[in-house]
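Visitor:
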Amino acid sequence: MGLLARGIEARGVTTVALGLVKEVAVAAHAPRFLYLHWPFGHALGEVGNVAQQRAVLHDMLSMAISASGPGLVVELPYRWRRETYLPVADWNKPSDALASALSLQGDLEVQGR
Amino acid sequence: MRQQKKIESSARTGWLKHLLPERAFNSALFFGVIPVGTEFGHWVSKLVALPQLKKLAVGKVPWTPLRNPLSESTVVLISTGGVHLRSDHPFNLNGDPTFRVIPKGAQSANLAISHQAYDRTDALKDINLVFPIERLRELEAEHVIGRLAEEHYGFGLMPSAKGLIPAIKEVARRISESGVDLALLVPA
Numbered sequence: 064m065g066l067l068a069r070g071i072e073a074r075g076v077t078t079v080a081l082g083l084v085k086e087v088a089v090a091a092h093a094p095r096f097l098y099l100h101w102p103f104g105h106a107l108g109e110v111g112n113v114a115q116q117r118a119v120l121h122d123m124l125s126m127a128i129s130a131s132g133p134g135l136v137v138e139l140p141y142r143w144r145r146e147t148y149l150p151v152a153d154w155n156k157p158s159d160a161l162a163s164a165l166s167l168q169g170d171l172e173v174q175g176r
Numbered sequence: 047m048r049q050q051k052k053i054e055s056s057a058r059t060g061w062l063k064h065l066l067p068e069r070a071f072n073s074a075l076f077f078g079v080i081p082v083g084t085e086f087g088h089w090v091s092k093l094v095a096l097p098q099l100k101k102l103a104v105g106k107v108p109w110t111p112l113r114n115p116l117s118e119s120t121v122v123l124i125s126t127g128g129v130h131l132r133s134d135h136p137f138n139l140n141g142d143p144t145f146r147v148i149p150k151g152a153q154s155a156n157l158a159i160s161h162q163a164y165d166r167t168d169a170l171k172d173i174n175l176v177f178p179i180e181r182l183r184e185l186e187a188e189h190v191i192g193r194l195a196e197e198h199y200g201f202g203l204m205p206s207a208k209g210l211i212p213a214i215k216e217v218a219r220r221i222s223e224s225g226v227d228l229a230l231l232v233p234a
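Chains as they are written, first to last, in this note's numbering: chain A, 64 to 176; chain B, 47 to 234.
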């Protein structure tokens, strides 16, 4: 997955990879990687849960527009089967999950300086 | 020298490789005995993927910022969940270094899954769990994204990362030459 993302991005196409295993997401050194703690075979969520599937796609699209540099790995905060997913209000604004991950990253960078 | 190599490789892949022949180690038989989606399944995933990534995911991470707004971007979907057209050749369940093309308009009744390393029960009821093509068609209709690419891509159980390189190169070439802006990669 990570190698595929790297190969495609190297040809001039933006990539966002989704994963289910944190260690693999980190080791992949992909341009943009999101991961979830959900069972295999359920990367987008549960059968027929359109709002949930759209929320994950919103996170992926948010990553495409708002990641500012290569190698960003973001953990999505959703618990398995214990979340309520609201309809996406604005697809051009980063999702809450992405916005909080990015602001956390910004804070760390400020602290690092 | 050879002895040393052997020791290095067994240190990377752990004790299981001593107990099982290579083929069985990678095979569906092996995955079949593991309750998928569990801690142990995750552990196996790490066991198989991490040493390969350490070797191959090296050097500078490539970077291409999205050049257009989402509403003007062409999007392609890539799944490693073993999805393919029912009319196409199934993937080799023990590992397959090839890919399948899935047209934009493919209906879920015409899609199949050839992959034994995860529980496909739910994905067979709702293909979007591993290949969210219906959700993306909705986003295209709602003008959230500009356009869905004509061709999307499916991969099966990946045997060795190294063996996959020709297929990765070919898919990357097709995607970049067809004017795609954004590729979304979804796992099994």
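Backbone N, C-alpha and C fix where the C-beta goes; we use that ideal spot for every residue, glycine too.
Could you pull the DSSP bridge partners for B:H130 from this structure?
Guide: The partner list for B:H130 (beta bridge, DSSP) reads B:A158.
Visitor: Might you give, ordered along the chain, the residues of its own chain that have their beta carbon closer than 6 Å to the beta carbon of A:V79, omitting 5 neighbours on each side?
Guide: Here the set comprises R95, M123, M126, A127.
Visitor: Tell me which residue opens and which closes the beta strand (DSSP E) that A:R95 is part of.
Guide: First-last of the beta strand (DSSP E) with A:R95: 95–98.
Visitor: At the level of alpha carbons, what is the spacing between B:A234 and A:D170?
Guide: Spanning the two alpha carbons is a distance of roughly 33 Å.
Visitor: Report the option in A:H100, A:N155, A:W154 whose CA atom is closest to the CA atom of A:W143.
Guide: Among A:H100, A:N155, A:W154, the Cα nearest to that of A:W143 is on A:H100.
Visitor: At a CB-CB cut-off below 9 Å, which residues of chain A make contact with B:A195?
Guide: Chain A residues near B:A195: none, gap ~10 Å exceeds 9 Å.
Visitor: Contact criterion: CB-CB distance below 8 Å. Does A:R74 meet it with respect to chain B?
Guide: Yes - at least one Cβ of chain B is within 8 Å of the one on A:R74.
Visitor: Are the CB atoms of B:L30 and A:L120 nearer to each other than 8 Å?
Guide: Past the boundaries of the shown model lies residue 30 of chain B; chain B is included only from 47 to 234, so the question cannot be answered.
Visitor: Quick one: using the 10 Å Cβ neighbour count with 16 as the cut-off for buried, is B:Q153 buried or exposed?
Guide: By the 10 Å Cβ count, B:Q153 comes out exposed.
Visitor: Of the residues B:R193, B:S160, B:I211, B:T144, which one's Cα is nearest the Cα of B:R132?
Guide: For the residues B:R193, B:S160, B:I211, B:T144, the minimum Cα distance to B:R132 belongs to B:S160.
Visitor: If we call anything under 8 Å between Cβ atoms a contact, is B:H189 one with B:S117?
Guide: In this structure, B:S117 lies closer than 8 Å to B:H189 by Cβ.
Visitor: Look at the alpha carbon of B:A155 and the alpha carbon of B:D165, and state the distance between them as a whole number of angstroms.
Guide: Near 19 Å, if we compare the C-alpha coordinates of B:D165 and B:A155.
Visitor: In chain order, which continuous runs of the alpha helix (DSSP H) of length 4 or greater are located wholly inside the segment 105–162 of chain A?
Guide: Taking only runs of at least 4 residues, the alpha helix (DSSP H) segments lying wholly in the segment 105–162 of chain A are 113–129.
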